[in-house]
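All remarks here apply to the structure that follows.
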Amino acid sequence: ELMRVSQLWRDLKHRKWFGFGHDTELDPGEGGLALFCPACPQPGINLPPDWKAWYDQQYVIDGNFTAQHMKMNKPEMDVSLSDGKGYMVSEIPYQRHLQQSLDNKERSTCSNHRAINAANINKSNLRSTGIGATACTRHGCFVPHSVVDFQKRGKVSKHVMYMNTDYSICNALSYHSESITTALVIYDVGCQWSVNFGSRVKSSSSLFLPSGLEIIPAVGKFHLAAHKVSCFPRYSLNFVKGAGHLDGEILETLWAPFNKISPTARSMTQAHRQEVYDDHMRDSNWKKLVGIVPSLLKKYKTSNKCLEDMNQAYEQLNAVLDSNKVAQWELDALKAEADHGEALDIYLLRGDKGRSYLDGMMDLSDGL
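Structure representation (structure tokens):
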């Protein structure tokens, strides 16, 4: 009874906070009981009338394989009070999407990260092997109605199914994004995920994207080191205009406190677990909201100081370089920025292969 009362209290309190406490006939809708980032661009909410030439979206996707969920003995007895109203997605549409996508496998040719292999864990006592979430990459706010469960399935070797992350990012990109034309999406295996993302969306009846949206895929700086050499220039945040000094790993910092409640939520009912997770993410976003002003002010002061230092270093370097080469490099950089993909290979380091040990020994023997 105490657990049931706690669920009812949580639901009533959140409905009151978001303006649905007195009108019981008004439905909050998907993500209607969730806070989001106050600083990230949201048309109609925090942008000026002439915003279109200046703003884009920047999101990061990541999985947490500690947030598992055990099978329920009597799932038919479970009652959800706020399914899909917070950060986790609505269960029935999500399960329908998974059923449509079960045969959609793709061959992985690059990274052997846990992002691929852990998602394929098969444990018979688990209903979910973890969760996947999308957050704004600058401030670390969870996106409402974009957190998904990873379902258990058999090992698929080097074939990967992106059904979970596709659903998460499509929901995130559709959240308060009217007329935004560009989105930076950072994912540990973004080099593989992005290849057929567009075709997967087109062939699915449950995945939707805003029309005219250009997606720029990238890989977080920590995970990029484990990728193929060719991934470095094509998916590095260092070469994405407007990315600044993003590391693309901010969700890792959000999982640390989240993992403290995961063992407790592991054996809850599905609805109770969803409500607890929503509550934790709502609290995380609230802390971001109340701390956003001092955080941005501190970063602003730091960036101003760093800008002066970098300008000085740039001028010193530019003074000793051939002006014709600099002009050509600038043209190449602009072309690579516009074309993306293989055009960014101009940033790939091409060092000459060193002499072998045998060559060195032969040189020494010739001198004797």
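Heads up, our numbering is the position in the sequence shown plus 1, with the first residue counted as 1. By construction, the Cβ of each residue, glycine as well, lies at the ideal position given by its N, Cα and C atoms. Note that the coordinates shown come from a computational prediction; the quantities given were computed from them, not determined experimentally.
Leaving aside the five residues that flank Glu31 on each side, the residues in its chain whose CB is nearer than 6 angstroms to its CB run, in chain order, Gly85, His146. Rounded to the nearest angstrom, the Cβ distance from Pro211 to Ile181 is 7 angstroms, consistent with a contact under 8 angstroms. By the Cβ rule, the stretch 222-240 does not count as touching the stretch 259-268, because fewer than three pairs are nearer than 8 angstroms. Residue pairing by DSSP places Ile216 opposite Ala184 in a beta bridge. Look at the beta carbons and you see the stretch 291-298 not touching the stretch 166-175: under three pairs across the two are nearer than 8 angstroms. Distance between Asp284 and Lys242, taken at the CA atoms: about 32 angstroms. Restricting attention to Gln152, Tyr88, Ala314, Ser102, the CA atom closest to the CA of Tyr278 is found in Tyr88. Beta-bridge pairing by DSSP links Asn65 to Ile132. Under the 10 Å beta carbon count, Lys302 is surrounded by fewer than 16 other beta carbons and is classified as exposed. Between Cys38 and Cys137, the C-beta gap is smaller than 8 angstroms, which places the two residues in contact. Ranked by Cα distance from Thr67, the options Leu318, Phe151, Asp24, Glu92 are led by Phe151. Boundaries of the beta strand (DSSP E) harbouring Asp150: 149-152, taken from the DSSP string.
In this structure, DSSP gives Leu127 an extended state, which the three-state scheme calls strand. In the structure shown, Phe19 adopts coil according to DSSP, grouped into three states.
As the crow flies, the alpha-carbon of Ser91 is around 31 angstroms from that of Lys53. In the three-state DSSP reduction, Tyr163 falls in the coil class, being neither helix nor strand.
Shown here for Leu27: same chain residues with a beta carbon closer than 7 angstroms to its own, the five before and five after excluded, namely Phe21 in chain order. Burial of Arg16 is indicated by the presence of at least 16 other C-beta atoms within 10 angstroms of its C-beta. Non-local beta-carbon contacts of Ser102 in its own chain, meaning distances under 6 angstroms to residues more than five positions away in sequence, involve Met164 in chain order. In the displayed model, Gln43 falls within coil according to three-state DSSP, outside both helix and strand.
Within its own chain, the residues whose Cβ lies closer than 7 angstroms to the Cβ of Asn126, once the five positions on either side in sequence are excluded, are Met71, Lys72, listed in chain order.
Exposed is the label assigned to Gly245, since fewer than 16 other Cβ atoms lie within 10 Å of its Cβ. Burial is judged here by how many other beta carbons sit within 10 angstroms of a residue's own beta carbon; His23 has fewer than 16 and is exposed.
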